[in-house]
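> Quick one: the structure is below, and I'll ask about it shortly.
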Amino acid sequence: MTRTEFLQLLAQRLAALPEADKGRVLGYYDEMIQDRVEDGLPEREAVAALGGLDKIVEDSMLEMPIPTLLKARVNSSKSKAGNKGLWVALAIIGFPIWGALLIGVIAIYLAIWALVLTLYAVLGALGVSVFGMLCTGIWYLFTAYTATGLTSIGISAILAGVTLFMVKPLTSFSRALIQLTAKLALSIKSSIIDRSTYDEN
1 MTRTEFLQLL
11 AQRLAALPEA
21 DKGRVLGYYD
31 EMIQDRVEDG
41 LPEREAVAAL
51 GGLDKIVEDS
61 MLEMPIPTLL
71 KARVNSSKSK
81 AGNKGLWVAL
91 AIIGFPIWGA
101 LLIGVIAIYL
111 AIWALVLTLY
121 AVLGALGVSV
131 FGMLCTGIWY
141 LFTAYTATGL
151 TSIGISAILA
161 GVTLFMVKPL
171 TSFSRALIQL
181 TAKLALSIKS
191 SIIDRSTYDE
201 N
């Protein structure tokens with residue numbers, strides 16, 4: 001398959017996407033082919049090296065933001081004459097359900113990340129407290145309040161231990177949460193994609 005044939009087929013298979021997004025995908029693969037040709041690979045081999053068109057199309061769709069995929073799904077459904085009235089009816093009747101579900105998912109997502117940000121804020125506050133208590137303790141040591149100074153330094157050491165103890169679990173939790181939300185977003189995108197609009201006939 002030549003570069004032109006490949007790009008034409010890819011454009012047809014991504015027809016449900018908005019023009020700007022489709023153009024971005026086409027430009028990316030066009031550049032990849034041209035780079036390989038410039039490196040000395042024959043054009044047909046450069047195209048073949050990209051892999052199967054089905055995989056390229058699916059990967060391209062999954063990289064799109066969820067609103068773009070929803071818009072593509074609506075456009076593909078509206079373009080089918082038999083589905084037009086049904087789509088409008090379902091969209092209007094089902095709004096209380098899918099609207100509430102969408103708001104619920106967004107609220108849960110924001111609440112989880114608000115919790116993570118709160119934990120990081122607590123960690124930051126502990127770090128500032130360590131510094132503050134240490135400075136206070138040193139100040140008291142040199143101003144004849146030895147007992148108070150030693151107490152402040154002891155408290156700063158305890159706070160430093162708590163802070164260091166929290167860093168690793170919080171980092172691991174954040175990393176796991178990022179992976180979980182990425183998988184969740186991927187599964188949502190996968191369910192939104194209308195494969196009939198880009199599957200090869």
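When the letters of the sequence shown are read in order and numbered with my numbering, they come out as residues 1 to 201. We put the CB at the ideal spot given by N, CA and C, even for glycine.
Indicate the three-state DSSP secondary structure (helix, strand or coil) for A81 in the structure shown.
Summary for A81: the model assigns pLDDT 49, below 50, so the residue's position carries little reliability; its value from the coordinates is reported in the next sentence. A81: helix per DSSP, three-state reduction.
> How big is the Cα-Cα spacing for L17 and K71?
8 Å
> Quick one: using the 10 Å Cβ neighbour count with 16 as the cut-off for buried, is V57 buried or exposed?
buried
> Take every Cβ of the stretch 157 to 171, pair it with every Cβ of the stretch 37 to 48, and state whether three or more of those distances are shorter than 8 Å.
no
> Less than 8 Å between the CB atoms is what I'm expecting for R3 and V47, so what's the real figure, rounded?
Here R3 really is in contact with V47; their C-beta atoms are around 6 Å apart, less than 8 Å.
> Measuring alpha carbon to alpha carbon, tell me which of L134, Q34, V122 and K22 ends up nearest I158.
Comparing C-alpha distances from I158 to each of L134, Q34, V122 and K22 shows the shortest one belongs to L134.
> Since M32 and L50 should fall inside the 8 Å C-beta cutoff, what is the C-beta to C-beta distance between them, to a whole number of angstroms?
7 Å
> Would the beta-carbon of I155 fall within 9 Å of that of G127?
no
> Could you tell me the distance, in whole angstroms, from the CA atom of A182 to the CA atom of R36?
31 Å
> When burial is assigned at 16 or more other CB atoms within 10 Å of the CB, is S152 buried or exposed?
buried
> Please classify I193 as buried or exposed, where buried requires at least 16 other C-beta atoms within 10 Å of its C-beta.
Under this definition I193 is a buried residue.
> Straight-line CA distance for Y109 to W139?
One alpha carbon belongs to Y109, the other to W139, and they sit about 45 Å apart.
> Closer than 8 Å by C-beta to L69: which residues in its own chain qualify, once you throw out the five before and the five after it? Chain order, please.
M61, K189, I192 and I193
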